[in-house]
Each structure stands twice: as structure tokens, then as C-alpha cells.
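S.K.: To convert a position in the sequence shown, counted from 1, into my numbering, add 823.
Cβ coordinates follow ideal geometry from the N, Cα and C atoms, glycine included.
I am attaching a structure below and will ask some questions about it afterwards.
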Amino acid sequence: VETYQFQQILGGVRVAVDPFFTVERTRGAFRGGEEFPEKGLLPVQVVIENGSAGDIRVDPRGVRLVRANGETEVPLSPYDAFSMVRLSVGWWGLGAGFVGGSVPAVRNEGRMKDIEARALKETTISPGKSATGFVYFALREGEVNLAGQRIAFPLQGPATREMIYEIPIAGRRDIPTPANRPETAS
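See below:
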């Protein structure tokens, strides 16, 4: 967790969040991920390490994306996240009876499995253990900068003590990553 830029520790429990905001990040993590940013899907990886003496309860439905203006967004279910990036099966596929074996159907199945398998699950984390997974949010059309936004969510600690995490995030999509160019001699 120490390697993550966006993290917070409360009561011995360390939480890190990592927004997969660019094509380069989503392409490497999900089948069809290169289309996620364009279609408005923001996967945020959550890593939780329990360094406390008791169990920690995680419920991903409590996670929120808090916008710079204070508005909050609830996470999408894995199915709703998938529906944002699913490929349409053309009318020709339906009419010809190729739906089960069509290329878009097979690619959709892979996308759905990736999104579902990598989602943060409701779980209990024992002392010394960790959990990781993704929560998914819908981005607004044309959103290119995450500055001023944060991920907020509660964890239930020992004796039902609630720990509220608010972790600022950042990231931009409108500034291209510089290519590996040789430096010019002066």
C-alpha cells in the first residue's frame, strides 16, 4: 500500500485508492479497457490492509466519489459498469443466429467477467490480512480532470466502530503522456 499515491491510515488500517483514469491504465487492467475512459467508466482500485487488532468489515456500497463541488456519486454495480462498455451486437448477428458465437458476444463475456471478478467484494478482513478490488463510477461527459475530487467510505472496525476515510484523488486525461524521445544536444 505504501507505493500508492492516494492513501490514508486510521486506527492501524491503511487504505489506498488508485483511479484508473487513462487509456494506458485501463487497457492494461481490463479486456476492452481502452474504451472505458471514452465511454465514461472510471474504475478505482481500493487496497485495504488491516494492521489493527480486530476484524474490519468492508461494504463497497458505502464508497462515494465526492466531486469538487460537494456532489456525491454512488458506485455502479459491476453489471451497470459493464453496461456502459458493452459492445452492441448488430441486427445482422441476431437475424443470422450468430448471437452465441458472435465476436461482440464473446468479447462482452470477457469484459463482464473482468469487471465482475475484479470488483471489491463485501468482506471481513482479519488482522494482518488485506483485500483489494475495484469500485466503478460513471464520469461526466468530457470530464478530463479529477483534481479536487475524493473517494470517501466507511469501514466497520472492532466493536462496530466506524472509520470514515476521505482520500483526495487526482489525475488528468487531457495531457498526453510524453513519448520516449531522445534528448537533443545543445
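If I follow the unbroken beta strand (DSSP E) through F829, where does it start and stop?
M.R.: First-last of the beta strand (DSSP E) with F829: F829 to L833.
S.K.: What residues are listed by DSSP as bridge partners for A954?
M.R.: A954 pairs with I871.
S.K.: Checking 9 Å against the spacing of the C-beta atoms, do A961 and E896 come in under that value?
M.R.: Cβ atoms of A961 and E896: closer than 9 Å.
S.K.: Name, in chain order, the residues that DSSP records as bridge partners for A985.
M.R.: The question names Ala, but residue 985 in the sequence shown is Glu. E985 pairs with Q979.
S.K.: Within the same chain, show all residues whose beta-carbon is closer than 8 Å to that of R930, passing over the 5 residues directly before and after it, in chain order.
M.R.: Only R854, G855 and L910 meet the Cβ criterion.
S.K.: Might you give, ordered along the chain, the residues of its own chain that have their beta carbon closer than 6 Å to the beta carbon of F829, omitting 5 neighbours on each side?
M.R.: So the qualifying residues of the chain are V840, I990 and I992.
S.K.: Between P860 and T849, how many whole angstroms is the CB-CB distance? I'm expecting something under 8 Å.
M.R.: Contact holds; Cβ gap of about 6 Å.
S.K.: Per DSSP, Y959 is paired with what?
M.R.: P866 and L899.
S.K.: What do you get for G933, buried or exposed, if any count of 16 or more other CB atoms within 10 angstroms of its CB means buried?
M.R.: It counts as exposed.
S.K.: Just how far apart, CA to CA, sit A904 and S953?
M.R.: Each residue's alpha carbon lies about 24 Å from the other.
S.K.: How long is the line joining the alpha carbons of G918 and R890, rounded to whole angstroms?
M.R.: Here the model assigns G918 a pLDDT of 48, short of 50, so the residue's position is not dependable and the matter cannot be decided.
S.K.: Between Q868 and T955, which are expected to be in contact by the criterion C-beta below 8 Å, what is the C-beta distance as a whole number of angstroms?
M.R.: Correct: roughly 7 Å between the Cβ atoms.
S.K.: As a quick exercise: from G863, E966, I948 and G893, pick the residue whose alpha carbon is nearest that of G877.
M.R.: If we check each option's Cα against that of G877, I948 comes out closest.
S.K.: Under a three-way DSSP split, which group does R941 fall into?
M.R.: R941 falls in the helix class under three-state DSSP.
S.K.: In terms of alpha-carbon separation, which member of N968, P981, G951 and L864 lies closest to P901?
M.R.: When only C-alpha atoms are compared, the closest one is L864.
S.K.: Tell me A993's beta-bridge partners as DSSP assigns them.
M.R.: For A993, which the question treats as bridged, DSSP gives no partner whatsoever.
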